[in-house]
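All remarks here apply to the structure that follows.
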Amino acid sequence: MEGYRREAVWDPVTRLWHWLLAASVITGWVLGEFRTFSIMQWHIYLGYLTGALLLFRYAWGWAGPAPVRHRTLLASLHDMPAYVRQVGRRRPSGVAGHNPIGALSVIAMVLALTAQVVTGLFSEDDALFFSGPLASEVSSDTVVTMTAYHHLFAKVVLGLVAFHVAAILFYLVWKRENLVTPMLNGRKWVRDRTVNSE
Amino acid sequence: MHSFARWILVLIGLTLALSASAAKDPNEDAIKARRAVMTLQSWYAGPLFQMAKGAMEYDAEMAGIYAAHLNTMANVEGGAMWPEGTDNGAYAGKTRALPELWTTWPEAGKKAEALSEAAAALAEVAGDGLDALRSKIGAVGKACKGCHDDFRAEKM
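Protein sequence lines, in the order shown, are assigned to chains A and P.
Under numbering that gives the first Met the number 0, residues 0 to 197 are what the first sequence spells out, in order.
Under numbering that gives the first Met the number 0, residues 0 to 155 are what the second sequence spells out, in order.
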């Protein structure tokens, strides 16, 4: 592709993390939504796994390579207006990392999942008699509130994941940019700014 | 109107309002009664679920007694505890029962029937060992959940 170069953008750790998180969140969501007495414990285990993956991501945002750093994500938000104005154009974005909408989406997903894991620790299902490990530490009113938020955030997470997948499809079909392959092999078509591609 | 007459009217109005609010509302007793039933159902079901989960050591005698009491609580005559108009809109802060419980009746009645059947099946085997308890406890949880999902608000 003229004006684009294939570059190593996503490091192996980030890629592995991404797919582990996807698997953990989807499985955890399904087991929560269709919970029964015999599978509820697995929903809780997946909550722990998701929590551990989130903690790693916060640390990785400090220690990881440039495209995944907190600073990079926050900085890219400044380019939001300019990026949004041209996002409908039918050509690959060629961003060497998260584009501004993607960065906002990552931040939203990580925060929503964090809220989901934290509220889950204090939630209970009083039909199946399961509760998060910290539910016994707080008042029963707090548990009811946390449980309500846990159910609400489940819908938020579902919405954000749906938006994420819809965006991937939009880039693939409309902008002719495959964002899935780079998350598998790390290599992404990046716009070569040394060549005037405009 | 004369200002004195106006004050008398205000006083009469206040007295009526106060006496109306002080009057005993039978619906509140019904709400208390049904919540008490569910509190007891939860009280007897709790240890059975904890045993099934392995969070409490299995005790055949206790399991048998608690399952029998759960079965009793799942079969108390409760129709009068659910008078029409006692949903969480009319009795905010007192009940989590959604209006759908009445508008989609007899769906909620079927849920109660499901709990009754599940509790009876559990009571039959709960004292026969942990595996027997485990084989029937899931249906009880499912019955509780079925009604909570459809007819209970998230918050008071």
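Glycine is no exception: its CB is placed at the ideal position from the N, C-alpha and C atoms.
For clarity, every value in this text was computed on a predicted model and none was experimentally measured.
Mark residue i as exposed unless 16 or more other C-beta atoms lie within 10 angstroms of its C-beta, in which case mark it buried.
i, result
"residue 146 (chain A)", "buried"
"residue 1 (chain P)", "exposed"
"residue 205 (chain A)", "The structure shown does not extend to residue 205 (chain A), since chain A is modelled only from 0 through 197, so no value can be given for it."
"residue 57 (chain A)", "exposed"
"residue 38 (chain P)", "exposed"
"residue 124 (chain A)", "buried"
"residue 141 (chain A)", "exposed"
"residue 6 (chain P)", "exposed"
"residue 194 (chain A)", "Legend: pLDDT at residue 194 (chain A) = 48, less than 50; position of this residue unreliable, value from coordinates given subsequently. When all chains shown are included, residue 194 (chain A) counts as exposed."
"residue 196 (chain A)", "Unreliable placement is indicated for residue 196 (chain A), whose pLDDT of 40 sits below 50; no coordinate value is reported for it."
"residue 11 (chain P)", "exposed"
"residue 27 (chain A)", "buried"
"residue 61 (chain A)", "exposed"
Is the Cβ-Cβ distance between residue i and residue j less than 8 Å?
i, j, result
"residue 29 (chain P)", "residue 82 (chain P)", "yes"
"residue 75 (chain A)", "residue 99 (chain A)", "yes"
"residue 147 (chain P)", "residue 153 (chain A)", "no"
"residue 93 (chain P)", "residue 144 (chain A)", "no"
State the CB to CB distance for the pair residue i and residue j, rounded to an integer number of angstroms; the pair is presumed to be in contact (CB under 8 Å).
i, j, result
"residue 175 (chain A)", "residue 91 (chain A)", "6 Å"
"residue 9 (chain A)", "residue 66 (chain A)", "7 Å"
"residue 29 (chain A)", "residue 112 (chain A)", "Between residue 112 (chain A) and residue 29 (chain A) the Cβ distance is about 15 Å, and since that is not below 8 Å, they are no contact."
"residue 151 (chain P)", "residue 80 (chain P)", "Rounded, the Cβ-Cβ distance is 15 Å, inconsistent with contact."
Kindly list, in the order they appear in chain P, the residues whose Cβ is closer than 8 Å to that of residue i.
i, result
"residue 143 (chain A)", "153, 154 and 155"
"residue 150 (chain A)", "153"
Determine the chain A residues that contact residue i at a beta-carbon separation under 8 Å, and present them in chain order.
i, result
"residue 68 (chain P)", "The premise fails here: residue 68 (chain P) is roughly 16 Å from chain A at the closest Cβ pair, so nothing lies under 8 Å."
"residue 44 (chain P)", "128"
List the residues of chain P whose Cβ lies closer than 9 Å to the Cβ of residue i, in chain order.
i, result
"residue 35 (chain A)", "137, 140, 141 and 144"
What residues of chain A sit near residue i, judged by a beta carbon separation below 7 Å?
i, result
"residue 150 (chain P)", "Under the 7 Å cutoff, chain A gives no residues; its nearest Cβ is about 12 Å from residue 150 (chain P)."
List, in order along the chain, the chain P residues whose C-beta lies closer than 7 Å to that of residue i?
i, result
"residue 147 (chain A)", "153 and 154"
How about residue i: is its Cβ closer than 7 Å to a heavy atom in the ligand ATP?
i, result
"residue 53 (chain A)", "Looking for the ligand ATP in the displayed structure turns up nothing, as the structure carries no ligands at all."
Can you list the residues of chain A that residue i reaches, using a CB-CB cut of under 9 Å?
i, result
"residue 41 (chain P)", "125 and 128"
"residue 48 (chain P)", "36, 127, 128 and 129"
"residue 147 (chain P)", "124, 125 and 126"
Any contact between the stretch 66 to 79 of chain P and the stretch 37 to 51 of chain P? By contact I mean 3 or more CB pairs, one from each, below 8 Å. yes
With a cut-off of 8 Å, do at least 3 Cβ pairs link the stretch 137 to 146 of chain P to the stretch 108 to 123 of chain A? no
Give a yes or no on contact between the stretch 105 to 120 of chain P and the stretch 56 to 65 of chain P, applying the rule of three or more CB pairs nearer than 8 Å. no
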